[in-house]
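Note sheet for the following structure.
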Amino acid sequence: MKRHLLSIEDLDRDDIEAVLETAVEMHDIQHRDVKKLPTLRGRTIINLFFEDSTRTRGSFEVAGKWMSADTINITGKGSSTSKGESLRDTVMTIAAMGADCLIVRHSASGAARQVSQWVDAVVINAGDGTHEHPTQALLDAYTMRARLGDLAGRRVAIVGDLLHSRVARSNLLCLRTLGAQVTLVGPPTLMPAGIAAWAAADGFATSYDLDEVIASGPDVLMMLRVQRERMSGGFFPSEQEYAATFGLSRRRLAALLAANREALVAHPGPMNRGLEISSDAADAAPSVILDQVSAGVAVRMSVLYHLLAGSGAAAGSGTPGGTPTRAGATR
Ligand code: NCD
Numbered sequence: 003m004k005r006h007l008l009s010i011e012d013l014d015r016d017d018i019e020a021v022l023e024t025a026v027e028m029h030d031i032q033h034r035d036v037k038k039l040p041t042l043r044g045r046t047i048i049n050l051f052f053e054d055s056t057r058t059r060g061s062f063e064v065a066g067k068w069m070s071a072d073t074i075n076i077t078g079k080g081s082s083t084s085k086g087e088s089l090r091d092t093v094m095t096i097a098a099m100g101a102d103c104l105i106v107r108h109s110a111s112g113a114a115r116q117v118s119q120w121v122d123a124v125v126i127n128a129g130d131g132t133h134e135h136p137t138q139a140l141l142d143a144y145t146m147r148a149r150l151g152d153l154a155g156r157r158v159a160i161v162g163d164l165l166h167s168r169v170a171r172s173n174l175l176c177l178r179t180l181g182a183q184v185t186l187v188g189p190p191t192l193m194p195a196g197i198a199a200w201a202a203a204d205g206f207a208t209s210y211d212l213d214e215v216i217a218s219g220p221d222v223l224m225m226l227r228v229q230r231e232r233m234s235g236g237f238f239p240s241e242q243e244y245a246a247t248f249g250l251s252r253r254r255l256a257a258l259l260a261a262n263r264e265a266l267v268a269h270p271g272p273m274n275r276g277l278e279i280s281s282d283a284a285d286a287a288p289s290v291i292l293d294q295v296s297a298g299v300a301v302r303m304s305v306l307y308h309l310l311a312g313s314g315a316a317a318g319s320g321t322p323g324g325t326p327t328r329a330g331a332t333r
């Protein structure tokens with residue numbers, strides 16, 4: 003495995019399999035009375051979040067704590083960046099404190115890679131602009147595999163604001179690597195430019211017609227948040243029109259289950275209820291939305307384990323803390 007996790011492309015298929023397998027062991031910890039492994043004792047992990055987050059930041063913090071690391075949160079709003087300090091100065095300052103791992107979320111695509119070039123610490127991309135969100139794709143794959151088994155040949159439709167979605171990009175790469183068939187569904191205004199050529203080259207499908215895709219009975223319908231904070235102009239006529247054309251309504255959920263009664267509904271959160279997904283659909287039995295959150299902790303524990311703990315330690319046994327290796331020593 004590479005030193006940093008900046009993109010899903012940093013992981014080959016074996017790496018993804020290894021992360022997902024270790025996550026299964028890590029998931030058991032969530033159901034224990036004492037949620038603690040000594041694996042990352044003595045390591046310092048800094049969550050450096052320049053964009054809002056509930057799930058990603060919370061689960062990275064819990065993951066680090068359950069593995070006995072010292073975890074610290076720094077957010078853009080409460081830090082000296084709000085006094086005008088540059089990203090580089092903030093990052094160098096934090097690195098100088100002796101952090102072993104920086105988990106970075108930033109509104110600029112490429113920010114995590116830039117940070118990795120400035121510091122010795124391991125860097126994990128927790129979402130960079132519209133570019134990538136690799137741990138989200140890993141936890142989504144974990145959630146799907148827990149329900150569906152091997153994803154090879156499984157059909158996953160990713161629906162909505164594709165243009166602004168780092169989740170869609172990372173999921174596309176991860177799911178393709180695991181052999182799933184992916185269809186990206188959304189209005190033309192919310193599809194990245196040149197997507198037809200990209201789809202043809204990489205072997206995935208695109209569609210502007212959600213009802214048609216639903217009627218084909220996909221195994222997973224992954225709804226994306228409409229990312230208003232990244233929209234400068236009008237990308238669709240009105241919210242009502244968007245919900246009517248691309249929202250997962252009760253009617254569409256029924257059509258999905260009629261076409262494939264085992265189909266799952268996913269959403270990375272946070273949801274705009276009533277826009278891209280109705281409350282009926284979000285809370286219905288096929289929804290794995292809270293499973294995704296739960297998997298987020300296990301998968302992030304696994305990623306921290308693989309990047310920071312060194313090899314030769316058993317993940318689930320609680321024994322790996324004995325002789326910690328320096329971060330990076332085994333890569
Ligand atoms: C996503 C993100 O921040 O990219 N959320 C998340 O990490 N769970 C998706 C989103 O904000 O819509």
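Letter by letter, the sequence shown follows residues 3 to 333 in the numbering used here.
Glycine included, every Cβ here is placed at the ideal spot set by N, Cα and C.
Bear in mind the structure is a predicted one, so any value in this text is a computation, not a measurement.
Closest by CA to residue i, which one among the options?
| i | options | result |
| --- | --- | --- |
| LEU186 | PRO194, ALA25, THR179 | PRO194 |
| ALA139 | LEU50, GLY236, GLN294 | GLN294 |
| LEU164 | ASP91, PHE248, LYS37, PHE62 | PHE248 |
| VAL26 | ASP72, GLN119, PHE52, THR145 | THR145 |
| PHE52 | LYS79, VAL215, GLY44 | LYS79 |
| SER61 | ALA311, LEU310, TYR307, ALA297 | ALA297 |
| GLU134 | ASP213, LEU89, ILE10 | ILE10 |
| GLY188 | HIS166, ALA203, ASP204 | HIS166 |
| ILE48 | ALA207, ARG59, THR41, PRO40 | ARG59 |
| GLY151 | TYR307, GLU19, SER251 | GLU19 |
Quick check on DSSP: helix, strand or coil for residue i?
| i | result |
| --- | --- |
| SER9 | coil |
| GLY323 | Only weak support is given to the placement of GLY323: the predicted model assigns it a pLDDT of 35, under 50, and the value that follows is read from those uncertain coordinates. If DSSP states are grouped into helix, strand and coil, GLY323 belongs with coil. |
| ARG43 | coil |
| ALA71 | coil |
| ALA286 | coil |
| ARG59 | helix |
| ARG34 | coil |
Using a threshold of 6 angstroms, is the CB atom of residue i nearer than that to any non-hydrogen atom of the ligand NCD?
| i | result |
| --- | --- |
| THR73 | no |
| ARG57 | yes |
| HIS135 | yes |
| ARG275 | no |
| GLN294 | no |
| ARG171 | no |
| GLY129 | yes |
| PRO239 | no |
| GLY86 | no |
| GLY271 | yes |
| GLN116 | no |
| ARG168 | yes |
State the CB to CB distance for the pair residue i and residue j, rounded to an integer number of angstroms; the pair is presumed to be in contact (CB under 8 angstroms).
| i | j | result |
| --- | --- | --- |
| VAL125 | LEU104 | 5 angstroms |
| ALA154 | LEU180 | 7 angstroms |
| ASP221 | VAL158 | 7 angstroms |
_As an exercise, report each continuous alpha helix (DSSP H) stretch of at least 4 residues that is fully enclosed by the segment 174-262, in chain order._
197-204, 212-217, 241-248, 252-261
*Complete alpha helix (DSSP H) runs within the segment 96-182 (minimum length 4 residues, chain order)*: 113-120, 136-150, 168-179
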